[in-house]
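Asks:
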Amino acid sequence: MEHAIVPRRAYVIVYVALMALLAATVAAYFVDLGPLNLALALAIAVAKVLLIILYFMHVRYGDRLTWVVAGAAFFWLAILIGLTMNDYISRGWLPTTGK
46 MEHAIVPRRA YVIVYVALMA LLAATVAAYF VDLGPLNLAL ALAIAVAKVL LIILYFMHVR
106 YGDRLTWVVA GAAFFWLAIL IGLTMNDYIS RGWLPTTGK
């Protein structure tokens, strides 16, 4: 199996992009967007995950089967996050006990 030779410049660009997304995450913490805070945080997190999957896990230069497996894993993660968000959003109508 032949491996692609990735130039060092690509890794530096991805690193700078990840640091910029980290700064965007920190900046988003200090900005109150109301209900859009969660959507913004998840969008930034998805962008970081895509960069890591594509470049550091070498999926970008992989064959079709690698793309299918990575896509299926990412789709499964999206399902799990969606179900978690569904539970999180629907908890507001439940009566609370104790306090």
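Using the working numbering, you'd call the opening residue of the sequence shown number 46 and step up by one each time.
Positions of the beta carbon are idealized from the N, C-alpha and C atoms, including for glycine.
Apart from the five residues on each side of it in sequence, which residues of its chain come closer than 8 Å, Cβ to Cβ, to Ala55?
Replies: Excluding sequence neighbours, Ala55 sits near Tyr100.
Asks: Within the stretch 69 to 113, note down every full alpha helix (DSSP H) run reaching 4 residues or more, in order along the chain.
Replies: Runs of the alpha helix (DSSP H) inside the stretch 69 to 113: 81 to 96.
Asks: Going by Cα to Cα distance, which pick from Leu87, Pro80, Asn82 and Leu67 is closest to Leu122?
Replies: Nearest option by C-alpha distance: Leu87.
Asks: Give every residue of the same chain whose Cβ lies closer than 8 Å to the Cβ of Ile98, excluding the five residues on either side of it in the sequence, and list them in chain order.
Replies: Cβ neighbours of Ile98 beyond the five flanking positions: Val104, Ala115 and Phe119.
Asks: By Cβ distance, which residues of its chain are closer than 7 Å to Leu96, with the 5 residues on each side in sequence left out?
Replies: These residues qualify, in order along the chain: Val59, Ala62 and Leu63.
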